[in-house]
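Notes follow the structure.
2 protein chains.
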Amino acid sequence: MKQINIKALAQELNLSVSTISKALRDSYEISDETKHRVLELAAKLNYTPNPYASSLRGKKSRNIAIVIPEVADSFFSQAINGIESVAKGKGYHVLICLTHENYEHEQAILKEFQSGRVDGVLMSVSSETASGGHIQELIAKEVPVVFFDRALNGVAAARIVTDDFQSGYNATAHLIEQGCRNIAFLGVSSQLSISNDRMAGYRKAMEEKGLPFREVYCSSSPEDNHTLVTDLLRQHGRPDGILASVEKLATSVYQACAELQLSMPADVKLVCFSNLGIAAMLYPSLTTVTQPAFEMGKAAAATLLKLLEKKHTDPSGLDMVIPSELIRRGSSL
Amino acid sequence: MKQINIKALAQELNLSVSTISKALRDSYEISDETKHRVLELAAKLNYTPNPYASSLRGKKSRNIAIVIPEVADSFFSQAINGIESVAKGKGYHVLICLTHENYEHEQAILKEFQSGRVDGVLMSVSSETASGGHIQELIAKEVPVVFFDRALNGVAAARIVTDDFQSGYNATAHLIEQGCRNIAFLGVSSQLSISNDRMAGYRKAMEEKGLPFREVYCSSSPEDNHTLVTDLLRQHGRPDGILASVEKLATSVYQACAELQLSMPADVKLVCFSNLGIAAMLYPSLTTVTQPAFEMGKAAAATLLKLLEKKHTDPSGLDMVIPSELIRRGSSL
């Protein structure tokens, strides 16, 4: 099928290209009768406005992008649903791009966006991202960016986050209450805001009770994490409690306990940051810090739309912190 | 920051726009020295080629899209990883768009793609999709489409699927072997290829043993599914075995059993189509039909690239069927 353009519509109706263009834009200069004829033919011939041509004329793409490390994580899948529930209502298309926790991929994706493919970006940075030049470049090209969950310090962009410090503190205090004295924190990356904030809460709770810290950083490979957790639980003076900072680490802890014949919660107690719907059906059921994923997605999308509609140009007053919830279950009780 | 275009580069270097353009395209007409000067300044000023302008000149976007119902499903998150592992290596950007099992959303997304935003599409249709006009229109505009997992009959596009019929048959035969006589099949939609093929396998296995069928269709709402499964398990003559055709239904069955104080596997045995990594840590551990999700994603992407590189124009010889695996665990043993 041939691509139908404005010129073809103009020839068919014996009107000028400019008249067709104005009719399609619902201009007051064109009569209703002409508009009707143009729209009827456009529908009949399956005319689609060329977004590249429109963009060159300065129009917006009506696309917003979600840039996240992965989708195999219940937090992100629920946050995406929150974002789409807002964006769809306002007529935006949502594109999801994955960095796979890789800084170069993240740079390449944002570079692509500099040229107007998307109007704005909602983003959770990769665990490798230590500097924000690529994000600042995008903002400088007037593509607004809103961070959700994982924000990068030093970049002037709105951030919709949860109370990571407080959640880390509460989860640790709960493990201490349950009798743990030797609690290990499983972090993702020393560069990542959420990992550091959750760890700072853990350290404060441990410090208050005069208990020693133990922080272990995991990788993005499930095999490496399995080895790491198995080594941790096999060693002399193994932890009696674990606070895992992301969902995927729960599987490693359950597997390692099964293989080493350690019983949860008798030998090791576990709390994990996770939005897994099936957490209550695990054996034992998993104590979670459950984030307000859907609400964070909604709030992030609403904030980006404010910036796109130029109701705000300064992102500094737009930050939000939405609290998480500690759900106590069998793995720590 | 102002958007740097070719004209600005030309002014700065005191060269013509045409020379700059040729230098950037590595034309043989331009000397290496000039090319070097142009590229150096382009890098310094952070020049990005305008993709809209390029596309108008007939170039490709180097984007491919994945159009799927949702990401909160381990099959899709693993398939995405398979797709990206192939696409990234060939220099393609991958965009993910979600239909949320909604036919109108799916139509709107594909309509957008008609105008050249993406070079090709990998797609698993929504559970509401009964006709393929929107897909055929896209193919007619020379945007190739490859189905993976959920294909639509009547559309001439390559399809990378698993052996749904055989898997449904094997899972049912396993439940019968374990003593079940009254097995219910939980389907997604009477329009959906995978649901119908899995059901046909279930019916054949039941028929061979002279056992009665019972098919129940679930919805996309977790609350509705919970009610439906609870009603099914509460009634007189409740099933002693369940074959669930998608991952999210497992949660409903576990919850309903807990609430009705039915014991798995003693009262009800369960097999679920699922790629959930944590299936072995559920209580009881979950017997799954595990699909070759990563491999299907890789094969689908490789097939689309063949079509994009015009090594094939006829999709008819490109179909693939990759077998799934029945993993027997506590919920059915």
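If you read the sequences in order, they're chains A and B.
Each residue of the first sequence is one higher than the one before, counting from 1 in UniProt numbering.
Each residue of the second sequence is one higher than the one before, counting from 1 in UniProt numbering.
Idealized CB from N, CA, C, for every residue including glycine.
Inset, instruction - Would you identify the three-state DSSP class for B:C97, choosing helix, strand or coil? - result: If DSSP states are grouped into helix, strand and coil, B:C97 belongs with the strands.
Inset, instruction - Taking all protein chains shown into account, decide if A:H134 is buried (16 or more other Cβ within 10 angstroms of its Cβ) or exposed. - result: Its Cβ being crowded by 16 or more others within 10 Å, A:H134 is buried.
Inset, instruction - May I have a chain-ordered list of the alpha helix (DSSP H) segments no shorter than 4 residues that lie completely inside the segment 219-301 of chain A? - result: Qualifying alpha helix (DSSP H) stretches, in chain order: 222-234, 248-259.
Legend entry - Assigned secondary structure, A:A8 (DSSP; H/G/I helix, E/B strand, else coil): Residue state, collapsed to three classes: helix.
Legend entry - From B:I278, B:Q78, B:D267, B:A244, residue whose alpha carbon lies closest to that of B:M296: Measuring from the Cα of B:M296, the nearest candidate turns out to be B:Q78.
Inset, instruction - Please report how far the alpha carbon of A:N14 lies from the alpha carbon of B:S115, in whole angstroms. - result: A:N14 and B:S115 have their alpha carbons spaced roughly 24 Å apart.
Legend entry - C-alpha gap between B:V246 and B:C218, whole angstroms: Taking the straight line joining both Cα atoms gives about 10 Å.
Legend entry - Continuous beta strand (DSSP E) stretch holding B:L326: start and end: Segment 325-327, the beta strand (DSSP E) holding B:L326.
Legend entry - Terminal residues of the alpha helix (DSSP H) in which B:I30 lies: Where B:I30 is concerned, there is no enclosing alpha helix (DSSP H), given that its DSSP letter is neither H nor E.
Legend entry - B:Q291 versus B:I278 - alpha carbon distance: Here the alpha carbon of B:Q291 sits roughly 15 Å from the alpha carbon of B:I278.
Legend entry - Residues of the segment 241-259 of chain A with Cβ closer than 9 Å to any Cβ of chain B, in chain order: Contact residues of the segment 241-259 of chain A toward chain B are K248, A250, T251, Y254, Q255, A258 (C-beta to C-beta distance below 9 Å).
Inset, instruction - Please check if any C-beta of chain B sits within less than 9 Å of the C-beta of A:K298. - result: Interface annotation, A:K298: not in contact with chain B, CB-CB separation never under 9 Å.
Legend entry - chain B contact residues for A:S74, given Cβ-Cβ distances below 9 Å: Chain B residues near A:S74: A72.
Inset, instruction - State buried or exposed for A:G89, treating a residue as buried only when at least 16 other CB atoms are found within 10 Å of its CB. - result: Counting Cβ neighbours within 10 Å, A:G89 comes out exposed, since fewer than 16 surround it.
Legend entry - Counterpart residues of B:R159 in DSSP-defined beta bridges: Beta-bridge analysis with DSSP links B:R159 to B:F147.
Inset, instruction - Compare the C-beta of B:K88 against all C-beta atoms of chain A and say whether one is closer than 9 Å. - result: Yes, B:K88 lies at the interface with chain A (some Cβ there is under 9 Å from its Cβ).
Inset, instruction - Using a threshold of 9 Å, state whether the C-beta atoms of A:S131 and A:V188 are closer than that. - result: With a cutoff of 9 Å on beta-carbon distance, A:S131 and A:V188 are scored as not near each other.
Inset, instruction - Kindly list the residues whose CB is nearer than 7 Å to the CB of B:S324, restricted to its own chain and excluding five residues on each side of it in sequence; keep chain order. - result: Here the set comprises T162, D163, S167, V289, T290, Q291, P292.
Inset, instruction - Kindly list, in the order they appear in chain B, the residues whose Cβ is closer than 7 Å to that of A:Y103. - result: In chain order: nothing, as chain B lies at least about 14 Å away.
Inset, instruction - Note down, in chain order, each residue of its chain lying with its Cβ closer than 7 Å to the Cβ of A:S16, except the 5 sequence neighbours on either side. - result: The residues are A10.
Inset, instruction - Give a yes or no on whether 9 Å exceeds the smallest Cβ distance from A:N196 to chain B. - result: Not an interface residue.
Legend entry - Members of the segment 267-283 of chain A that neighbour chain B once the beta carbon cut-off is set at 7 Å: Cβ contacts with chain B come from G277, I278, M281, L282, Y283.
Inset, instruction - Alpha carbon to alpha carbon, how far is A:V145 from B:H93? Give it in angstroms, no decimals. - result: Cα to Cα, the separation comes out at about 20 Å.
Inset, instruction - Please state whether DSSP places B:E137 in a helix, a strand or coil. - result: In the structure shown, B:E137 falls within a helical segment according to DSSP collapsed to helix, strand and coil.
Legend entry - Assigned exposure category for A:E84 - 16 Cβ within 10 Å defines buried: Burial call: buried.
Inset, instruction - May I have the straight-line CA-CA distance separating A:C97 from B:I64, to the nearest angstrom? - result: Between the alpha carbons of A:C97 and B:I64 lies a gap of roughly 11 Å.
Legend entry - Terminal residues of the beta strand (DSSP E) in which A:G187 lies: Segment 183-187, the beta strand (DSSP E) holding A:G187.
Inset, instruction - Check whether the Cβ atoms of B:L122 and B:F148 sit closer than 9 Å, and answer yes or no. - result: Taking a C-beta distance under 9 Å as the contact criterion, B:L122 and B:F148 qualify as a contact pair.
Legend entry - Contacts around B:H174, its chain only, beta-carbon distance under 8 Å, and the 5 residues preceding and following it disregarded: Around B:H174, the same chain offers V271, T287, L326, R328, S332 as residues with beta carbons nearer than 8 Å, after the five sequence neighbours per side are excluded.
Legend entry - With 16 other Cβ atoms within 10 Å as the buried cut-off, status of A:H236: Exposed, because fewer than 16 other Cβ atoms sit within 10 Å of the Cβ of A:H236.
Inset, instruction - Output yes or no for whether 9 Å exceeds the beta carbon distance between A:T303 and A:I160. - result: Closer than 9 Å, so yes.
Inset, instruction - Just the C-alpha distance for A:I183 and A:I322, rounded to the nearest angstrom, thanks. - result: So the two alpha carbons sit approximately 26 Å from each other.
Legend entry - Proximal residues to A:V86 (C-beta, below 6 Å), its chain only, five neighbours per side dropped: Same-chain partners within the cutoff: K298, A301, A302.
Legend entry - Rounded distance between the beta-carbons of B:V229 and B:A256, thought under 8 Å: Indeed, because the Cβ distance is near 4 Å, the residues count as touching under 8 Å.
Legend entry - is_contact[B:H100, chain A] using C-beta, thresh 9 Å: At least one C-beta of chain A is nearer than 9 Å to the C-beta of B:H100.
Inset, instruction - Enumerate in chain order the residues of its own chain whose CB-to-CB distance from B:L41 is below 7 Å, with the five nearest sequence positions on each side excluded. - result: Same-chain partners within the cutoff: L9, E12, L13.
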